[in-house]
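Notes for the one structure printed next.
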Amino acid sequence: MVHLILFIIFGVICVAGAVNLLAQKHPINSALSLVVVMGALAGLYLLLGAEFLAAIQVIVYAGAIMVLFVFVIMLLNAGEEEHTHGSKIALLFGVPGMVVGSVLIAWMLIHSQPSAREVTVGQLYGSARSIGQLLFGQFLLPFEITSVLILIAIMGAVVLARRESQ
Amino acid sequence: MNGTVLEIPLAYYLVLSAILFACGVTGFLIKRNIITIFMAIELMLNGVNLSFVAFAAYWHALSGQVFVFFVMVVAAAEAAVGLAIIIAVFRTRETLNPDRVNLLKL
Chain A
1 MVHLILFIIF GVICVAGAVN LLAQKHPINS ALSLVVVMGA LAGLYLLLGA EFLAAIQVIV
61 YAGAIMVLFV FVIMLLNAGE EEHTHGSKIA LLFGVPGMVV GSVLIAWMLI HSQPSAREVT
121 VGQLYGSARS IGQLLFGQFL LPFEITSVLI LIAIMGAVVL ARRESQ
Chain B
167 MNGTVLEIPL AYYLVLSAIL FACGVTGFLI KRNIITIFMA IELMLNGVNL SFVAFAAYWH
227 ALSGQVFVFF VMVVAAAEAA VGLAIIIAVF RTRETLNPDR VNLLKL
């Protein structure tokens, strides 16, 4: 019961942040809403027992990636979003389509799992120790390839953001 | 497995994940600022991560959480490269509106 209440609280915060991200016109407000969504998701991860991922979610996502976003918004001095015309048809068909699609997905998900097994929550089994053992054992090769990916991303970012020298 | 095992259905987490993903897709389609569009992509990745963690708890398998770890790494790399591209585009086109970045259009 406690976990249902906590799930509802974090879920409402999540959805409210996501909708606020869409509603806000200024990108800095959208970025702050996204930080709220990520914080609430970290709470949900804790409910699911993934304590390491909750910490990583706060440190990497809400910390590093969002700071990068805010930094770029400030650097480019991004203002209010411009309004464009000619998207009336997209609005006319897109919004009902999205509502119908969401209701269909929710209906299918709820009815296709006839309460076979349920998520046991509140038991912290995803500790840093067990994740690390899996990461450096079974998933060692993907982990090493990931380091190459990060290296390429760093070099790409430096090359792309460099000013042309002439 | 102590006495206080509290349970809620897996479908709740999946529905929340689907809602987050739908919000991300909607933002990707309706926003007119390239940075906000990028944030919508991050929102979609987070929605998928939530379903990964929920399934990991459902099957009692830690592999799902390791996959979330990899998704986060890819998201960080993507954010670094994407924001560098945004800076380069802004430097040449002086705009953040993707509708105005249309040199490749016929």
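If you read the protein sequences in the order shown, they are chains A and B. So that you can map any letter, position 137 of the first sequence is 137 in this note's numbering, and since no number is skipped, the others follow by simple counting. Quick note: to get this note's numbering, add 166 to the position in the second sequence (first position is 1). Yeah, the Cβ is synthetic: ideal placement off N, Cα and C, and Gly gets one too.
Reduced DSSP secondary structure (H/G/I, E/B, other) of residue i
{"i": "GLU173/B", "result": "strand"}
{"i": "PHE139/A", "result": "coil"}
{"i": "LEU4/A", "result": "helix"}
{"i": "VAL35/A", "result": "helix"}
{"i": "GLN133/A", "result": "helix"}
{"i": "LEU151/A", "result": "helix"}
{"i": "ALA223/B", "result": "helix"}
{"i": "GLY183/B", "result": "Correcting the residue type first, residue 183/B is Ser in the shown sequence and not Gly. Helix, per DSSP."}
{"i": "LEU272/B", "result": "coil"}
{"i": "GLY126/A", "result": "coil"}
Cβ of residue i within 9 Å of any chain B Cβ
{"i": "PRO27/A", "result": "yes"}
{"i": "ALA55/A", "result": "no"}
{"i": "GLU82/A", "result": "yes"}
{"i": "ILE9/A", "result": "no"}
{"i": "PRO96/A", "result": "no"}
{"i": "ILE152/A", "result": "yes"}
{"i": "GLY101/A", "result": "yes"}
Endpoints, the alpha helix (DSSP H) within which residue i is located
{"i": "THR258/B", "result": "229-259"}
{"i": "SER167/A", "result": "An answer regarding residue 167/A cannot be provided, because it is not within the stretch 1 to 166 covered by chain A."}
{"i": "ILE56/A", "result": "51-56"}
{"i": "ILE73/A", "result": "66-76"}
Chain A within 9 Å of residue i, Cβ atoms only
{"i": "ARG195/B", "result": "It is Leu, not Arg, that sits at residue 195/B in the sequence shown. Yes - at least one Cβ of chain A is within 9 Å of the one on LEU195/B."}
{"i": "GLY169/B", "result": "Bear in mind that a pLDDT of 34 at GLY169/B, under 50, signals an unreliable position, so the number given afterwards is only what the model happens to contain. Not an interface residue."}
{"i": "ARG198/B", "result": "yes"}
{"i": "ASN268/B", "result": "no"}
{"i": "LEU272/B", "result": "no"}
CB-CB length for residue i against residue j, believed under 8 Å
{"i": "LEU21/A", "j": "LEU34/A", "result": "6 Å"}
{"i": "LEU216/B", "j": "SER183/B", "result": "4 Å"}
| task | With 7 Å as the limit, tell me which residues of the segment 245-257 of chain B have their beta carbon closer than that to any beta carbon of chain A; keep them in chain order. | result | ALA245, ALA246, VAL247, LEU249, ALA250, ILE251, ILE252, ILE253, ALA254, PHE256
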